[in-house]
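Student: The opening position of the sequence shown corresponds to residue 0 in numbering that gives the first Met the number 0, with each subsequent residue numbered one higher.
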Amino acid sequence: MKVIINSRNHLEKIIKEIPNENFDKGFVLEISTIKKYKTDKQNKTFHALLYAFFETGLTSYDNIIDLKNIYKEEMGMDIDYYVYFLKDELFNAVKNKKFPKPHKVEDIKDLPKNVVAVNKVFKSFSLATEKQVTIGIKALIRDIFTTGANTDLKVQEILKGLGEYFPEEGNDTESAIKIFFPNSKKL
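Next up, the structure:
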């Protein structure tokens, strides 16, 4: 059970309502600001939608990490570091049928000249701000509706959790965003 506490008096009232036997058994109390709690809820919603969208097979990505990185980039998430492969190592790996160990660099300016492939590794999604996650959810909803993945039952179930979804109000991205984020501005 999660309870949002608005004041010290509210906390004292809740504590008084907990039966003594629960104190004897013990329980976990997680303290979080309302803003952090909302951001955590947004993160869970984003990931549930992302996985459901990926499972529809309607994305052009063959792995969830690449799909997630597209949204991290759109959200403006910071890059943690870059992973790269050197041309000679990749050539030898293909020849010897052994995958080479990737190299890591924090600044793209530090990449050597004989690089073949570079991938961005973004900071953890848990570090995203509420605004960034909102951008990510909106972008994900846009893509879900654009691809037709909104007809998938699992996706519909998650979308309903964002707010009441009424197809008669419009089955397009902007209508969905208005329903799910009534106070938001257009992207």
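Note that beta-carbon positions come from the ideal geometry of N, C-alpha and C, so glycine has one too.
All values derive from a computational prediction rather than experimental measurement.
1. With DSSP run on the structure shown, which of helix, strand or coil describes I78?
2. By a C-beta neighbour count over all protein chains shown, 10 Å radius and 16 as the cutoff for buried, is F45 buried or exposed?
3. To which residues of the same chain is I107 closer than 7 Å at the C-beta, ignoring the five residues directly before and after it?
4. The alpha helix (DSSP H) that contains K86, what's its start and end?
5. Where does the unbroken beta strand (DSSP E) through K119 begin, and where does it stop?
6. In three-state terms, what does DSSP make of S6?
7. To which residues does DSSP link Y83 through a beta bridge?
Tutor: According to the structure shown:
1. strand
2. buried
3. Y81
4. K86 to N95
5. V114 to F121
6. In the structure shown, S6 sits in coil (DSSP, three-state: anything other than H, G, I, E or B).
7. For Y83, which the question treats as bridged, DSSP gives the partners H102 and V117.
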